[in-house]
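One structure is given below, encoded as C-alpha cells.
Protein chains: 2
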Amino acid sequence: MNEPLSLTFEDRLAINADAVERLLRRLLDERPREGEIVRPARLLAAMRHGALNGGKRLRPFLLIETARLFDVQGETVLRVAAALECVHCYSLIHDDLPSMDDDDLRRGQPTVHRAFDEATAILAGDSLLTYAFDIIAGEETELAAETRIALVRGLARAAGAGGMAGGQALDLAAERESPDEAGIVRLQAMKTGALIRFACEAGAVLGDADAADRDRLSAFGGAIGLAFQLADDLLDMTASSESMGKATGKDAAAGKATLAGLHGEDWARSQLDGLVAQAEDLLEPYGEKGTILRQAARFVAAREN
Amino acid sequence: MNEPLSLTFEDRLAINADAVERLLRRLLDERPREGEIVRPARLLAAMRHGALNGGKRLRPFLLIETARLFDVQGETVLRVAAALECVHCYSLIHDDLPSMDDDDLRRGQPTVHRAFDEATAILAGDSLLTYAFDIIAGEETELAAETRIALVRGLARAAGAGGMAGGQALDLAAERESPDEAGIVRLQAMKTGALIRFACEAGAVLGDADAADRDRLSAFGGAIGLAFQLADDLLDMTASSESMGKATGKDAAAGKATLAGLHGEDWARSQLDGLVAQAEDLLEPYGEKGTILRQAARFVAAREN
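Going line by line, the protein sequences match chains S and Z. Mapping of the first sequence onto numbering that gives the first Met the number 0: position 230 corresponds to residue 229, and the numbering continues sequentially without gaps. Mapping of the second sequence onto numbering that gives the first Met the number 0: position 282 corresponds to residue 281, and the numbering continues sequentially without gaps.
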C-alpha cells in the first residue's frame, strides 16, 4: 500500500479492490475459527458467491482513502474495510431476493438465490452481516477497544432500521405509495447514503481525527452518497442492461419515483456538478492529500456502471 | 431486581422476562436515535411483532442469573440480555419464512411474514440482528469498552456461520441428506446450543469472572443447550400443536433425524437426567447462589412448551 502517487485513480481503485478481495477470500475460507464448530461448506460458498463478486469496492475505497488522509493504512484498515463490504454484500443478497427486488443477475452473474437457493441466500446474507461485527471486534483488528466499539456502533446504526435496512423498507413501500420529494431524499439517504457516509466517517475514526475532521468527512460522505444515487438514477434511465450487468429501467417499470425522473436528466446532471464541487470544497483543508478523494467524487458522479 | 430469594423459580423467570420485555419495548419505539433519519413505522411494527411475543426469555434469564452469580445486576445486564434476545428473535423470524421452515404460527400468533409480508419479515430480522450490536456497543451500556467488544465478538461468533446461522443451514440440509449421529449433535450444538452457551458465558463476562469460572459457565451453558434440544425433540414427538402454539410432529414429517427419534423416548429422558446432574455439578462451587440456575437446568429438561 505504498504506491507512488503518480498512479491513476483507476489504478488506486483497482489496487484497493484487489487488497479487499484478497482479504475477504481469506476471511471467508472454511476453516473454523476459535469457538466455531464447523463452517458449513455450502453456506460459505454462498457467502463467497455474494461477497467475491468483482465489485468496485467503492465503500472500502472511501474508507481506506479517508484513513490515508490521516496517514493510517495497512492490515487493520483493510479489515474494517472488508467488514464494511460484508455488510454491503449482505444487503445486495437480500435486496435481490424474490420477495424484494427479485433480481436474477448481479454483475452479470446469477444472484445468490439463483446460484444456490432462497434459504441459503437468506442465511448467507445473515452470516455476512454477523461476520462484519466479528471482524471488527476481533483482536486481530489491532485497534484500541474504544475505537473498535465506536466502529461497531457506527456500522450498526448506519446499517439498521434507522439506516440502510430501514431505507430498503421505505423503498419497497415506495412502489405502493409514491413518496414526495422529501420522502425520496430520505429513503435514499438511508438506503444508500448511510453506508457511504459511514465509510468516510470510519476512515476518520481510524485516523483518530478530531471532531471537526470527522464532521467534515461525514459531510463529504453525505455528498458522495447523494451523487452516487443521482448517478444511479441516471444510469437506470439511460444505460443498457448489458453495460450494467443487471436489469435496468426497473425504477420506472416498478413505478418508483426518483429525483432524476422527477426533475429530468439536465437537472440531475447539474445537481451532480454541484455535489462534486461541494465534495471538493470539503476536502480543501487536506490539500494535495485530498487529491484521490476529489477524484473519487468525480468518479462517482460520472460512473457508467 | 432485589427480590427475596424465597420467590419461586417461575416467579423469577416471569420477573426477568417482564423486565426484558419492558426494555425491548422501549428500545423498539419509533423515535429515531442519534444518527438515524427515521425509523419506518411498519418495519418497527414488524420488529416488535417478532420480539415482543411473550416468550419465556430463557436466554436472557440465563444471562441475567449467571451475571447475578457474580453480584452483577441492573440496567446494563438487562441491555445485554435484550440484545441477545433480539438475535434469538431475528433467528425465529427468518427460520419461519416460507423458504425455510414455512411456519404460519409462533406462540399462537401469526408469524411475522404472515402478519406483514415476506420482505418486511426479512428486513425485520436483519434489523433486529443489527440492532443487537448497536445496543451492546452503545455508551448507554455502561461497561468498559473492552467488555463491550468481548460481548460483541462472542455474540457474533455464536450467531454467525460457524454458530447459529450455520446450524440452521445444516438443519435445512438435513432434510435432504440425513446426517449421522455426530452430524446431528453438531448441527444442534450450532443451531440452538451456541446462543444458549453464549448467554451463560456473557453472564460470566459481565460478572468479570476469571477464566476458570468462564469455562465452567460455558460448560454449564453447553449442558443446558443439549438438554434444551433433547426436550424440544421429545416435545415435537409427543406434544399437541395447541399446547405448543406452533406446529408439532414436523421433524418426523420433514424426515429430520433427531437424537430422541434415533434412540427413543426412554433414552432421551435418561440423557436429560444426566445432563441436569452435570449442570448441577458444574454449579457446585457457587453453593446457595447457584440455586436458581440449578432450577433452570431442571426447568429446561422438563419443559412442556
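Positions of the beta carbon are idealized from the N, C-alpha and C atoms, including for glycine.
Does the distance from the C-beta atom of S:ALA198 to that of S:ARG58 stay below 7 Å? Contact annotation: S:ALA198 and S:ARG58 have beta-carbon atoms nearer than 7 Å.
Buried or exposed, going by whether 16 or more other CB atoms sit within 10 Å of the CB of S:THR237? Under this definition S:THR237 is an exposed residue.
So, S:LEU222 versus S:ALA278, is the Cβ gap smaller than 7 Å? Here residue 222 of chain S is Ala; the residue named in the question, Leu, does not match the sequence. Closer than 7 Å, so yes.
Select from Z:THR257, Z:HIS112, Z:MET99, Z:ASP133 the residue whose C-alpha is nearest the C-alpha of S:THR119. Distances from the CA of S:THR119 to each of Z:THR257, Z:HIS112, Z:MET99, Z:ASP133 were compared; the closest alpha carbon is that of Z:MET99.
Since Z:ALA136 and S:VAL79 should fall inside the 8 Å C-beta cutoff, what is the C-beta to C-beta distance between them, to a whole number of angstroms? Not quite, the Cβ-Cβ distance comes to about 14 Å (not below 8 Å), so this is no contact.
Please compile the residues from chain Z whose C-beta is within a distance smaller than 7 Å of the C-beta of S:GLY224. Within chain Z, no residue comes near S:GLY224; the closest Cβ sits about 12 Å away, beyond 7 Å.
Who are the near neighbours of S:ASP232 in its chain, counting only those whose CB is closer than 6 Å to its CB and skipping five residues on each side? Taken in chain order, the residues that qualify are THR257, ALA259.
Got a sec: which bits of the stretch 37-52 of chain S sit with their beta carbon under 8 Å from any beta carbon on chain Z, in order along the chain? Going along the stretch 37-52 of chain S in chain order, one finds VAL37, ARG38, PRO39, ARG41, LEU42, LEU43, MET46 with a Cβ nearer than 8 Å to chain Z.
Would you identify the three-state DSSP class for S:PRO59, choosing helix, strand or coil? Judged by DSSP in its simplified three-state form, S:PRO59 adopts helix.
Residues, ordered as in the chain, of the stretch 156-182 of chain S that lie near chain Z by beta-carbon distance below 8 Å: Residues of the stretch 156-182 of chain S that bring their beta carbon within less than 8 Å of a beta carbon in chain Z comprise ARG156, ALA157, ALA158, GLY159, ALA160, GLY161, GLY162, ALA164, GLY165, GLN167, ALA168, LEU169, LEU171, ALA172, in sequence order.
Buried or exposed, going by whether 16 or more other CB atoms sit within 10 Å of the CB of Z:GLY263? Label assigned to Z:GLY263: exposed.
Please classify Z:ASP280 as buried or exposed, where buried requires at least 16 other C-beta atoms within 10 Å of its C-beta. Exposed, because fewer than 16 other Cβ atoms sit within 10 Å of the Cβ of Z:ASP280.
Look at Z:GLY206 and Z:LYS190 and say whether their C-beta atoms are less than 7 Å apart. For Z:GLY206 and Z:LYS190, no; Cβs fall outside 7 Å.
Considering S:THR75, what are the terminal residues of the alpha helix (DSSP H) in which it resides? Run containing S:THR75: 74-94, per the alpha helix (DSSP H) assignment.
For the alpha helix (DSSP H) that Z:ASP207 lies in, which residues bound it at each end? Counting along the chain, Z:ASP207 falls outside any alpha helix (DSSP H), and DSSP gives it neither H nor E.
Please look up how many angstroms separate the CB atoms of Z:GLY34 and S:ARG213, rounded, as I've assumed it's under 8 Å. Between S:ARG213 and Z:GLY34 the Cβ distance is about 12 Å, and since that is not below 8 Å, they are no contact.
Of all Cβ atoms in chain Z, is any one closer than 7 Å to the Cβ of S:ALA136? By this cut-off, S:ALA136 is an interface position.
In chain order, what residues of the same chain lie with their CB nearer than 6 Å to the CB of S:LEU225, ignoring the 5 residues before and after it? Within the same chain, S:LEU225 has close Cβ partners LEU274.
Counting contacts by CB-CB distance shorter than 7 Å, is Z:ASP125 in contact with chain S? Yes, its Cβ sits closer than 7 Å to a Cβ of chain S.
For S:ARG105, name the three-state secondary structure that DSSP assigns. Strand at S:ARG105.
If we count the other Cβ atoms within 10 Å of its Cβ and call it buried at 16 or more, is S:SER5 buried or exposed? Answer is exposed; the Cβ neighbour count stays below 16.
Do you know how far the Cα of Z:LYS255 is from the Cα of Z:GLY168? Note that residue 168 of chain Z is Ala in the sequence shown, not Gly. Whole-angstrom Cα-Cα distance: 13 Å.
Is any heavy atom of the ligand HEM found at a distance shorter than 6 Å from the C-beta of S:ARG21? The ligand HEM is not among the ligands present in this structure, which contains no ligands whatsoever.
Which residue marks the beginning of the alpha helix (DSSP H) containing S:ARG113, and which one marks its end? Unbroken alpha helix (DSSP H) run through S:ARG113: 111-114.
In the stretch 8-35 of chain S, which residues sit with their C-beta less than 7 Å from some C-beta in chain Z, listed in chain order? For the stretch 8-35 of chain S, which is checked against every Cβ of chain Z, the residues closer than 7 Å are PRO31, ARG32, GLY34, GLU35.
Cut-off 6 Å between Cβ atoms - residues of its own chain near Z:ALA218, not counting five sequence neighbours on either side: Hits under 6 Å: LEU281.
Output yes or no for whether 7 Å exceeds the beta carbon distance between S:GLN294 and S:PHE8. Yes, the Cβ-Cβ distance between S:GLN294 and S:PHE8 is below 7 Å.
Per-residue DSSP class, three states only, for Z:GLY161: The three-state secondary structure of Z:GLY161, taken from DSSP, is coil.
Between the alpha carbons of S:ILE63 and S:LEU96, how many angstroms are there, rounded? C-alpha of S:ILE63 to C-alpha of S:LEU96: approximately 30 Å in a straight line.
Would you call S:PRO284 buried or exposed, if buried means 16 or more other Cβ atoms sit within 10 Å of its Cβ? The residue is exposed, with fewer than 16 neighbouring Cβ atoms inside 10 Å.
Going by alpha carbons, who is nearest to S:GLY49 out of S:LEU27, S:ALA211, S:GLU145? That would be S:LEU27, whose Cα lies nearest to the Cα of S:GLY49.
Z:ASP170, DSSP secondary structure in three states: Annotated three-state conformation of Z:ASP170 is helix, per DSSP.
Report yes or no: is there a C-beta of chain S within less than 7 Å of the C-beta of Z:ASP214? Closer than 7 Å: no.
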